[in-house]
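Novice: Chains as they are written, first to last, in our numbering: chain A, 254 to 446; chain B, 254 to 446.
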DNA sequence: TCGTAGGTAGACAGGTCGGTATACCGGCGA
DNA sequence: TCGCCGGTATACCGACCTGTCTACCTACGA
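(1) Does the separation of the CB atoms of residue 342/B and residue 429/B fall below 8 Å?
(2) For residue 352/A, would you say it is in contact with chain B, using Cβ-to-Cβ distances shorter than 8 Å as the test?
(3) Does the Cβ-Cβ distance between residue 360/A and residue 352/B come in under 8 Å?
(4) Would you tell me roughly how many angstroms separate the C-alpha atoms of residue 268/A and residue 297/A, rounded to the nearest one?
(5) With DSSP collapsed to three states, give me the class of residue 363/B.
(6) Rounding to the nearest angstrom, what Cα-Cα distance links residue 413/B and residue 408/A in this structure?
(7) Going by beta-carbon coordinates alone, are residue 487/B and residue 369/B separated by less than 8 Å?
(8) Just by C-beta distance, which residues in the segment 329-360 of chain B are closer than 7 Å to chain A?
(9) Here's the rule: buried if 16 or more other CB atoms are within 10 angstroms of the residue's CB, otherwise exposed. What is residue 263/A?
(10) Below 7 Å between beta carbons is the criterion; list the residues of the segment 365-386 of chain B that meet it against any residue of chain A, in chain order.
(11) What separation, rounded to the nearest whole angstrom, lies between the Cα atoms of residue 357/B and residue 357/A?
(12) If contact means a Cβ-Cβ distance below 9 Å, which residues of the segment 420-433 of chain A contact chain B?
(13) CB-CB under 6 Å to residue 445/A, same chain, minus the five flanking residues each way: which ones, in chain order?
(14) DSSP three-state call for residue 336/A: helix, strand or coil?
(15) How would you label residue 404/A, buried or exposed, when you count the other beta carbons within 10 angstroms and need 16 or more for buried?
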């Protein structure tokens, strides 16, 4: 009969990791067993363990495939930065948000050397670097401080939005980011948008 | 013999909840069983269950006794607000910080009606209200927005500090808060400190 | 044509979980 | 003096966890 699962177009490992990611995110990593994941992915536990040698590595793989906020790549530094906050607002609107997956994973997985934590740390590092580069390019007075502030605002909006399903915190963060940018950026660099 | 535990000066229930809180915070709520808590508190599981009818209620009791950041009660609104951020900086310095207990608890306990989540929601609500009252008193132009921004900054610093043991995010948040306050507050209200 | 890689089905091992039960005991107030 | 409250010690229950096992099946390429 070969009752294949619906998505046969993507590799099986990806499919499993995607299903696992959804379950882990919605119901909690500790609350979802591998049996649950296997059943939901319409795959045997045997098969699951052929692709992922342990649940910890499955968690990491799932987190790596988590939906991401797409940061702008074009435009002036300032428009890119505010674009990042706007992208977050859209992101919060679309998905049934339960909190930032990376923050949640970091909270659930206590061991800082857990494979999933390593992924989170890398992403966080790169986001901070992204803000830093944009801020330097914008010619901010104290780029280190401003980049840190923007990063804090970003995390704050993500964390704050957990308890309030609305996008109010994110919009406040956007306004705050623009205000901080205006205060710390030389006027001649500020152009349209 | 009566090998009483060291702290016999505080009620037993408080002692158990305190020990539980420390364990839950350091090692994760899901990773610590009630057996562990009972052993660490030098109490029998039977006794523990006499004081707390379930682990969920124990979690809530433990969270209610979690160490708090003490918000200032005196001074001008502006000094109170920046004092709150300074109190956070001190808080992060002192304890071996692993992340905001409330954020962690909210992440680990998926059910939004979990007794511990109810406590968190109430605290969050009160913090936002605190910011709001101070901002209104300071005569800010758009108090709703500014209060939201300060709250986001606060959460952001707490969340951001999870991955970086330093207080850099908190100090950046303090600076950002002061900057936003300066921009939104009538100059005549800004006085000493 | 036929071997094999990779899937299905489902039982099982060993451990931990939250929570309860039984039996005992000592200090303290009426 | 003595009942009883609140503790100790420990065994136990059923459920669930991660991870492994045997046995079988099927599509596909050399």
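The beta-carbon is built from N, C-alpha and C at its ideal position, and this holds for glycine as well.
Only a predicted model underlies this, so the values are computations on that prediction, with no experimental measurement involved.
Specialist: Taking the definition as stated:
(1) Stepping through the second chain from its first residue, residue 342/B is reached at position 89. Stepping through the second chain from its first residue, residue 429/B is reached at position 176. No, these two residues do not count as a Cβ contact at 8 Å.
(2) Position 99 of the first chain, counting from 1, holds the residue named residue 352/A. The beta-carbon of residue 352/A is placed less than 8 Å from the nearest beta-carbon of chain B.
(3) Here residue 360/A refers to the residue found at position 107 of the first chain. Here residue 352/B refers to the residue found at position 99 of the second chain. Note that the C-beta distance between residue 360/A and residue 352/B is below 8 Å.
(4) The residue given as residue 268/A occupies position 15 in the first chain. The residue given as residue 297/A occupies position 44 in the first chain. Their Cα atoms are separated by approximately 13 Å.
(5) Here the question's residue 363/B lines up with position 110 in the second chain. Residue 363/B: coil per DSSP, three-state reduction.
(6) Sequence index remark: in the second chain, residue 413/B carries index 160 (1-based). Sequence index remark: in the first chain, residue 408/A carries index 155 (1-based). Roughly 6 Å separates the two Cα atoms.
(7) Past the boundaries of the shown model lies residue 487/B; chain B is included only from 254 to 446, so the question cannot be answered.
(8) Within the segment 329-360 of chain B, contact with chain A at the beta-carbon level (separation under 7 Å) is assigned to 352, 356, 357, 359 and 360.
(9) Along the first chain, one-based indexing puts residue 263/A at 10. Burial call: exposed.
(10) Those residues of the segment 365-386 of chain B that come within reach of chain A (Cβ to Cβ, closer than 7 Å) are 374 and 377.
(11) One-based indexing of the second chain puts residue 357/B at position 104. One-based indexing of the first chain puts residue 357/A at position 104. Distance between the alpha carbons of residue 357/B and residue 357/A: 7 Å.
(12) Residues 421, 422, 423, 424, 425, 426, 428, 429, 432 and 433.
(13) On the first chain, residue 445/A is found 192 positions in, with the first residue counted as 1. Note that residue 445/A has pLDDT 45, beneath the 50 cutoff, so the model's placement of it is unreliable and no number is given.
(14) As a first step, residue 336/A is located in the first chain; it is residue number 83 there, counting from the start. If DSSP states are grouped into helix, strand and coil, residue 336/A belongs with the helices.
(15) Translated into positions along the first chain, residue 404/A becomes position 151. With 16 or more other CB atoms across the displayed protein chains lying within 10 angstroms of its CB, residue 404/A is buried.
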